[in-house]
Ligand code: UDP
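Residue numbers (full-length UniProt numbering): 18 to 519.
This is how it looks when you write it as structure tokens:
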């Protein structure tokens with residue numbers, strides 16, 4: 018007699034490499050380690066959508082999806098939805114939320130009406146796709162939210178929601194136009210205090226047009242059966258404990274730290290990736306500072322020149338992923354349409370010649386996970402995107418925190434504080450948009466991290482956390498056990514459904 022059906026989990030990843038990559042790794046592990054069937058649903062590749070971001074990243078999405086299929090994970094792409102009625106200049110976050118909202122009926126049709134689809138055991142949208150949770154309720158399966166950011170970011174969302182939602186009573190909720198401001202400084206469970214400028218974009222001020230959108234999204238979080246978070250217990254135990262307490266009181270869904278999910282992207286342009294790695298092979302062990310601002314970070318022309326001069330003055334070796342500078346003051350180029358120009362042409366005159374031999378500048382993209390785990394890489398000047406931070410910690414590479422947008426300043430505060438992770442030095446300047454970080458500050462921070470006393474403490478702490486990150490997915494490791502616990506529940510429910518049908 019055939020056994021019970023393999024429980025089937027559908028995961029929904031919002032646009033962007035920083036969301037898709039860790040979720041695809043979750044999907045892969047659900048199949049490879051936990052014996053589930055999984056399908057990852059994505060949105061149409063953004064490079065063809067109205068916002069046109071990530072144009073300088075190699076077409077990430079299709080490569081990630083094809084590597085997933087090789088690993089036995091099903092994939093599906095939602096149909097494109099029209100977005101051309103959005104006002105010009107609308108923020109990329111607003112485009113994301115709108116695209117997701119307009120896609121929900123298609124997702125529902127895919128899950129509820131497609132008779133050919135295997136029956137569902139759980140639905141796992143990511144933290145921007147909480148609008149999909151009612152579909153889980155409709156189907157009578159648990160809906161868990163995947164969080165590709167830190168658990169502290171969800172804590173901030175919870176604070177914002179509770180502040181605006183009297184006793185969780187939606188009827189008494191504060192409505193549009195009269196939101197209450199998050200009080201600052203906001204103390205995180207780990208003890209780090211966030212001044213207003215370190216709150217995530219959109220949540221810094223209730224005047225921000227995104228504030229209400231985030232509150233709305235956060236309110237939906239209450240309907241989740243739990244959060245599956247790309248983090249691990251030891252990097253922020255206080256926040257995990259705080260979520261445990263809140264869940265016991267029924268105040269907020271429980272959180273399961275199930276990461277870190279670190280994977281080499283399968284989308285790398287082989288030739289340029291090889292050029293980076295071959296250059297690293299020729300450098301002395303522990304000598305190279307890797308510099309990158311993620312998939313969309315952008316510096317001004319003036320800031321690019323100061324960074325170049327700072328790297329040159331530091332005297333250290335470096336591998337710098339240079340992206341097109343922004344000419345309009347934006348700190349990201351999500352909305353950039355023309356990415357065909359050569360960013361290296363914007364470097365200061367003579368810089369490449371003067372640093373040749375000890376510095377390598379590459380245009381737009383490097384095989385980051387492999388760069389970080391290369392034995393010659395010793396430090397990472399990073400925009401503090403959460404994936405980059407986890408990849409750095411998992412490779413035991415300390416950081417210089419240079420946050421730009423989204424929740425990166427909050428990450429920088431957490432990563433650079435002793436009460437937090439303590440794995441980064443934070444630049445003094447660069448706290449406000451528009452402030453240029455001077456060459457002296459860049460050079461001093463690089464020297465401190467590579468040679469100084471403070472740098473030594475940060476390097477030691479990074480080494481300790483690296484071991485904890487390694488252990489998290491060892492047999493009996495904390496993250497593996499947490500995911501096994503959740504998957505066990507899905508399996509038990511699926512067997513129950515199977516019995517009902519017999
Ligand atoms: N990445 C990469 N090469 C680059 C820049 C980024 O492989 O030159 C990868 C990086 O390893 C990470 C992701 O892109 O997995 C960026 O995610 P993160 O959360 O750090 O930042 P985001 O780009 O979402 O701001």
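Note that CB positions come from ideal geometry on N, CA and C, so glycine has one too.
For residue i, the three-state DSSP class (helix, strand or coil)
i           : result
residue 241 : coil
residue 397 : strand
residue 206 : coil
residue 3   : The structure shown does not extend to residue 3, since the chain is modelled only from 18 through 519, so no value can be given for it.
residue 341 : coil
residue 334 : strand
residue 142 : strand
residue 349 : strand
residue 201 : coil
residue 391 : coil
residue 120 : helix
residue 163 : strand
residue 172 : helix
residue 510 : helix
residue 312 : coil
residue 384 : coil
residue 228 : helix
residue 479 : helix
residue 30  : coil
residue 25  : strand
Distance cut-off 8 Å: residue i Cβ against heavy atoms of ligand 1
i           : result
residue 110 : no
residue 403 : yes
residue 313 : yes
residue 408 : yes
residue 391 : no
residue 382 : yes
residue 35  : yes
residue 423 : yes
residue 333 : no
residue 246 : no
residue 350 : no
residue 320 : no
residue 453 : no
residue 165 : yes
residue 123 : no
residue 29  : no
residue 385 : yes
residue 309 : yes
residue 338 : yes
residue 400 : yes
residue 38  : yes
Backbone CA spacing between residue i and residue j [nearest angstrom]
i           : j           : result
residue 100 : residue 296 : 43 Å
residue 177 : residue 431 : 19 Å
residue 34  : residue 82  : 12 Å
residue 524 : residue 56  : Residue 524 lies beyond the range of the chain shown here (18 to 519); nothing can be said about it.
residue 39  : residue 339 : 24 Å
residue 500 : residue 281 : 21 Å
residue 543 : residue 122 : Outside the modelled stretch of the chain, which goes from 18 to 519, sits residue 543, for which no answer is possible.
residue 113 : residue 313 : 15 Å
residue 451 : residue 309 : 19 Å
residue 72  : residue 267 : Bear in mind that a pLDDT of 39 at residue 72, under 50, signals an unreliable position, so the number given afterwards is only what the model happens to contain. Cα to Cα, residue 72 sits roughly 43 Å from residue 267.
residue 329 : residue 318 : 17 Å
residue 240 : residue 60  : 23 Å
residue 247 : residue 224 : 30 Å
residue 511 : residue 91  : 19 Å
residue 203 : residue 217 : 12 Å
residue 534 : residue 302 : Absent from the structure is residue 534, since the part of the chain shown begins at 18 and ends at 519.
residue 417 : residue 51  : 37 Å
residue 367 : residue 360 : 15 Å
residue 168 : residue 256 : 7 Å
residue 62  : residue 163 : 20 Å
Check whether residue i and residue j have beta carbons under 9 Å apart
i           : j           : result
residue 150 : residue 230 : no
residue 294 : residue 384 : yes
residue 403 : residue 444 : no
residue 386 : residue 479 : no
residue 144 : residue 31  : yes
residue 273 : residue 485 : no
residue 270 : residue 311 : no
residue 483 : residue 379 : no
residue 197 : residue 220 : no
residue 399 : residue 441 : yes
residue 58  : residue 137 : no
residue 381 : residue 394 : no
residue 116 : residue 98  : yes
Near ligand 3: residue i beta-carbon under 8 Å from a heavy atom
i           : result
residue 504 : This structure simply doesn't include ligand 3; it includes ligand 1 instead.
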